[in-house]
Amino acid sequence: MPLAVLLVGITGSGKTTVAQALAEHGYTRLSVDEEVHRLHGRYGVDYPEHTYFERQRPVVEAIRARLVRELGAGNDVVLDHGLWRRAERDSWQQAAREAGGHPVVVYLPASREELLKRLAKRNMRDDANALTVTPEALDDFFARFDPPADDEHVIVYTGNLDVLMAALSTKRYRQA
Numbered sequence: 009m010p011l012a013v014l015l016v017g018i019t020g021s022g023k024t025t026v027a028q029a030l031a032e033h034g035y036t037r038l039s040v041d042e043e044v045h046r047l048h049g050r051y052g053v054d055y056p057e058h059t060y061f062e063r064q065r066p067v068v069e070a071i072r073a074r075l076v077r078e079l080g081a082g083n084d085v086v087l088d089h090g091l092w093r094r095a096e097r098d099s100w101q102q103a104a105r106e107a108g109g110h111p112v113v114v115y116l117p118a119s120r121e122e123l124l125k126r127l128a129k130r131n132m133r134d135d136a137n138a139l140t141v142t143p144e145a146l147d148d149f150f151a152r153f154d155p156p157a158d159d160e161h162v163i164v165y166t167g168n169l170d171v172l173m174a175a176l177s178t179k180r181y182r183q184a
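Numbering (our numbering), first residue to last: 9 to 184.
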């Protein structure tokens with residue numbers, strides 16, 4: 009049964025870095041931000057910031073359909089999307105199960121201070137994964153974020169990819 013790794017974390021927590029690393033290990037990487045960028049350009053430059061979510065909505069549905077196709081074909085998938093709300097995580101896990109995959113939620117915790125440092129560097133870039141985030145926006149993100157609850161049985165990513173790969177291997181072995 010293929011794995012569907014669902015990354016959870018606030019902007020700047022390292023989801024894209026982890027997703028890229030998993031892609032190097034054979035996972036199909038699905039990125040909502042990169043697809044929005046491909047279709048619409050740069051956030052706040054090529055379109056007004058306040059229109060991001062209306063542009064993101066159809067992309068999320070297209071990414072969900074691709075996740076279902078990839079899992080149905082037997083491919084491991086990693087979803088590079090924040091999944092800030094519990095209901096979102098539950099919905100993506102259900103979609104993965106219905107497609108014949110085994111969902112694994114990986115949480116990338118990060119403090120406000122750490123995120124501010126990372127985002128200060130990232131805000132200077134202009135690629136698809138460099139949405140400009142102000143300290144005020146980050147505070148809003150924290151206010152809207154549901155940290156995973158104990159009953160969600162997530163893997164907490166500590167920054168060590170080898171440990172994550174071992175945990176994913178264990179999940180694969182246990183569900184086989």
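Backbone N, C-alpha and C define an ideal beta-carbon position, used for all residues, glycine too.
All figures in this text were calculated on a predicted structure; none of them were measured in a lab.
- Taking a cut-off of 8 Å on C-beta distances, the stretch 21–31 does not touch the stretch 67–77, as fewer than three cross pairs fall below it.
- Burial state of residue 47 is exposed, judged by a 10 Å Cβ sphere holding fewer than 16 other Cβ atoms.
- With respect to the 8 Å criterion, residue 176 and residue 13 are classified as neighbours on the basis of their beta carbons.
- With a 10 Å radius around the Cβ and a threshold of 16 neighbouring Cβ atoms, residue 112 comes out buried.
- Relative to the Cα of residue 86, the nearest Cα in the group 92, 93 and 78 belongs to 78.
- The three-state secondary structure of residue 142, taken from DSSP, is coil.
- In terms of CA proximity to residue 83, 9 leads the group 9, 144 and 61.
- Restricting attention to alpha helix (DSSP H) runs no shorter than 4 residues, the stretch 45–89 encloses them at 60–80, ordered along the chain.
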